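S.K.: Pasting in a structure now, in structure tokens, and then I'll have a few things to ask.
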Amino acid sequence: MKTWVIKLGGAVLNSQNAAKALFEVIAQQTDAKFVFVHGGGALVDSWLKDAGFATAKHLGLRISPKEQMPYIVGALAGCANKQLIGQAISASLKPVGLSLYEAGIESTKKLKALGQVGTCEATQDSVIQAMLCVNRLPIVSSIGFDLEGNWYNVNADEAAAAIAASLDAELIFMTDVEAVLDADKKPLHQLNTNEIKELVNDGVILGGMQVKVETSLRAAEHLRRGVYISSWQKPENLAGLLQGQHVGTKVTL
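Under our numbering, the first residue of the sequence shown is numbered 1255, with each subsequent residue one higher.
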């Protein structure tokens, strides 16, 4: 049975019942297993602002000082995760909330200048397969831990790619745009290594989308198959992808 890892952009939480509509799509699928991985950037921004912190990013990654981590962890592993669990329950699914540690991903500090931003390294110690075997839906926040118990803010795209690789699963990034756009703001149906390098060098793909596209490419290299970037705003896009249709941007080698 095929397994799909679906990364949800945090902005899905800003649109009422948007996540529920996606969960209703997968509730209709009887011949596949699913794992959701999520961020929650807008929610983190709001919580940090309310707490009096400034938000800064570097190359699409949130700089995460230690003093901000309780708010980041609370927003992602707490509020965002439980909002998604609530919508999954309302779609008649049986979700279980996880951090990256339970999902078999070990984190370490990525760069000192980024604070508690973590890396992803898959281990054999994951509860995901056990959850899938009893028909639970893992919903994984992008909060990671190292072996000393320190917590990290991990880029959710990178986390989803690592989990997909560990499960040999298909991978879909569901974002707030229908596809990756070219310089004329037109959707690109397919991207390969050379095209990505050119668009990044030309400044067409930058920031968070650059992280997403480059992560997709690394995942495609590891999985040896295409990775999709599509929009959560249209549940029919997800339904189409699950049925083998080409929706959004397919990232290939």
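Glycine residues also receive a C-beta, built at the ideal position from the N, C-alpha and C atoms.
Here the structure is a predicted model, which is why all the values come from computation and not from measurement.
Taking only runs that begin and end inside the region 1314–1390, name each unbroken alpha helix (DSSP H) of 4 or more residues, in chain order.
M.R.: Taking only runs of at least 4 residues, the alpha helix (DSSP H) segments lying wholly in the region 1314–1390 are 1323–1327, 1335–1344, 1382–1387.
S.K.: Return the chain-ordered list of same chain residues with a C-beta closer than 7 Å to the C-beta of I1339, the five sequence neighbours on each side being excluded.
M.R.: Taken in chain order, the residues that qualify are P1349, G1351, I1393.
S.K.: Go ahead and pull the three-state DSSP assignment for I1459.
M.R.: I1459: coil per DSSP, three-state reduction.
S.K.: Between which two residues does the beta strand (DSSP E) carrying E1424 extend?
M.R.: 1424–1429 is the extent of the beta strand (DSSP E) around E1424.
S.K.: On a CA-only basis, which of D1285, F1290, I1426 is nearest K1274? Give me that one, please.
M.R.: Comparing Cα positions, the closest option is F1290.
S.K.: According to DSSP, is T1469 helix, strand or coil?
M.R.: DSSP places T1469 in helix when its eight states are reduced to three.
S.K.: Pull up the distance between the alpha-carbon of L1495 and that of I1359, whole angstroms please.
M.R.: The straight-line gap from Cα to Cα measures roughly 26 Å.
S.K.: Short of 8 Å in beta carbon distance, which residues of its chain neighbour N1389, apart from the five on each side in sequence? Order them along the chain.
M.R.: K1348, listed in sequence order.
S.K.: For A1474, which residues from the same chain have a beta carbon less than 8 Å from its beta carbon, with the 5 sequence-adjacent residues on both sides left out?
M.R.: Excluding residues within five positions, the ones whose Cβ falls inside 8 Å are G1480, V1481, V1505, T1506, L1507.
S.K.: DSSP beta-bridge partners for L1445?
M.R.: In the DSSP output, where bridge partners are listed per residue, L1445 has V1505.
S.K.: Can you give the beta carbon distance from I1417 to V1327, rounded, assuming they're within the 8 Å contact cut?
M.R.: The Cβ separation is near 19 Å, so there is no contact.
S.K.: Give me whichever residues DSSP pairs with L1262 in a beta bridge.
M.R.: DSSP, once it has assigned bridges, lists H1292, M1428 as partnering L1262.
S.K.: Report yes if the C-beta distance between A1265 and A1296 is below 9 Å; otherwise report no.
M.R.: In contact: A1265 and A1296 (Cβ atoms closer than 9 Å).
S.K.: Take D1436 and list the residues in its own chain whose beta-carbon comes closer than 6 Å to its own, dropping the five residues that flank it on each side.
M.R.: Cβ within range, chain order: L1442.
S.K.: With a threshold of 8 Å on Cβ separation, who are the neighbours of V1454 within its own chain once the five nearest residues in sequence on each side are excluded?
M.R.: Hits under 8 Å: L1460, Q1464, V1467, E1468.
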